[in-house]
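If you want this note's numbering, it's the position in the sequence shown, counting the first as 1, plus 2. Just so it is clear, CB atoms sit at the ideal spot from N, CA and C, and this is done for glycine as well. A quick note: this is a predicted structure, and the numbers were derived from the prediction, not measured.
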Amino acid sequence: MQGTAEDRSKVAHAERPIATWSGFVSLGIGIVLIAVAIWELVHTVAFGRPSSVGALIGAVLLFVALMILGVLFLAGLYTVQPNEAAILQLFGSYRGTTRVTGLRGTNPFYTRRKISLRARNLNGDRLKVNDKRGNPIEIAAVVVWRVDDTAKASFDVDNYENYMKLQSEAAVRHLASSFAYDEGDGVAPGGVHQPTLLASADIVTRALVLELQQRLDKAGIVVEEARLTHLAYAPEIAQVMLRRQQAEAIIAARTKIVHGAVSMVEMALNELSEKRLVSLDDERKAAMVSNLMTVLCAESEVQPVINTGTLYNG
3 MQGTAEDRSK
13 VAHAERPIAT
23 WSGFVSLGIG
33 IVLIAVAIWE
43 LVHTVAFGRP
53 SSVGALIGAV
63 LLFVALMILG
73 VLFLAGLYTV
83 QPNEAAILQL
93 FGSYRGTTRV
103 TGLRGTNPFY
113 TRRKISLRAR
123 NLNGDRLKVN
133 DKRGNPIEIA
143 AVVVWRVDDT
153 AKASFDVDNY
163 ENYMKLQSEA
173 AVRHLASSFA
183 YDEGDGVAPG
193 GVHQPTLLAS
203 ADIVTRALVL
213 ELQQRLDKAG
223 IVVEEARLTH
233 LAYAPEIAQV
243 MLRRQQAEAI
253 IAARTKIVHG
263 AVSMVEMALN
273 ELSEKRLVSL
283 DDERKAAMVS
293 NLMTVLCAES
303 EVQPVINTGT
313 LYNG
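Right, here's the structure in full:
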């Protein structure tokens, strides 16, 4: 029985359409009824000269009835703009939602509350959170969203705009704690690179959209797009992390230089050996390797010393 009650509650809060009619028809009928009521009263009182009090009372009652009907037809008029919906309620009970635009007519006892279906932007504030490795970072995101289910947005949450803002902040915080900022230490034991906030924009975006959609589905909100607009280390560790990044860049560059230098030395030794230009023993090979590595790996330009032999002075 509990599950059935919950199902009924979910159905009651799901958006359902409701039939309305053209507002111009209601406007014409209302104007005609009011005009007829005024004409009948004026004609009866001014020109008919009722012979009895009963006839006068009958004319007044007809006037009142026609006026009430005319006012009710006019009271049921409302307008709906493009990309807008009107939620209709009868004494607090949800009757349905209409998205038909223009001048419309409906039951005059329905209360009509309009809700925008247009796409909106939420430019989130900068949040200070810890990433997956515990480093404090600053992160912010922009979310493009719109209301899809007007019943959920109106009845399942107290204020869907405030709900959207708070849940978006919670989603961004959870996203930041699920990824590392960069790849400094982000390599798994198997040698597989883990996605990071800085380098894996597509993966992070998909994860953010999925996280937001799961949180906002209760409010009938659809997330069109979500992207990070700000990502940086927190000020207190920014300088330290910058020096670490510089050190990592230097190490990577030196590793590549050494790898290239070793390949060039190996190629030089192989060429000399194959073409038999010079015969080198192990000691001279070691000296040659040392000299070549010094020249190729030095940060500044190396000045060679040329051996011209011994000058004999007789």
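In whole angstroms, what separates the C-alpha of residue i from that of residue j?
i      : j      : result
Tyr183 : Leu92  : 53 Å
Leu230 : Tyr112 : 43 Å
Val149 : Thr22  : 22 Å
Ile20  : Ser28  : 17 Å
Met269 : His195 : 33 Å
Ala173 : Met295 : 52 Å
Asp187 : Phe181 : Note that Asp187 has pLDDT 49, beneath the 50 cutoff, so the model's placement of it is unreliable and the number below is only indicative. Approximately 12 Å, taken between the alpha carbons.
Ala39  : Gly25  : 21 Å
Asn137 : Ala88  : 48 Å
Ile31  : Trp41  : 15 Å
Val264 : Glu273 : 14 Å
Ala234 : Ser118 : 35 Å
Ala209 : Gln215 : 10 Å
Arg101 : Thr152 : 10 Å
Gln83  : Leu105 : 9 Å
Val224 : Ile141 : 22 Å
Asp158 : Arg135 : 37 Å
Ala61  : Leu35  : 14 Å
His45  : Ile70  : 19 Å
Glu238 : Leu244 : 11 Å
In this structure, how does DSSP classify residue i when only helix, strand and coil are distinguished?
i      : result
Ala234 : strand
Thr108 : coil
Glu17  : coil
Leu199 : coil
Asn164 : helix
Gln91  : strand
Arg256 : helix
Gly98  : strand
Leu271 : helix
Thr207 : helix
Thr22  : coil
Glu213 : helix
Lys154 : helix
Leu244 : helix
Arg128 : coil
Leu218 : helix
Leu79  : strand
Thr46  : helix
Val159 : coil
Arg175 : helix
Ala121 : coil
Glu285 : helix
Glu276 : helix
Within 10 angstroms of its Cβ, does residue i collect 16 or more other Cβ (buried), or is it exposed?
i      : result
Trp147 : buried
Gln169 : buried
Arg217 : buried
Arg18  : exposed
Glu226 : exposed
Asp160 : exposed
Asp204 : exposed
Lys258 : exposed
Ala178 : buried
Ile139 : buried
Val189 : Low confidence applies here, because Val189 scores a pLDDT of 49, under 50, leaving its location unreliable and the question unanswered by this model.
Ser156 : buried
Thr99  : buried
Glu213 : buried
Leu90  : buried
Leu63  : exposed
Ile253 : exposed
Ile33  : exposed
Gly228 : The sequence as given places Ala at residue 228; Gly does not occur at that position. Label assigned to Ala228: buried.
Lys116 : exposed
Ala143 : buried
Val66  : exposed
### Message
Taking contact to mean 3 or more Cβ pairs, one atom from each stretch, closer than 8 Å, check whether the segment 71 to 87 and the segment 125 to 138 are in contact.
### Response
no
### Query
Below 8 Å, can you find three or more Cβ-Cβ pairs linking the segment 155 to 170 to the segment 197 to 204?
no
### Query
Would you call the segment 100 to 114 and the segment 128 to 145 in contact, with 3 or more CB pairs under 8 Å?
No contact exists between the segment 100 to 114 and the segment 128 to 145.
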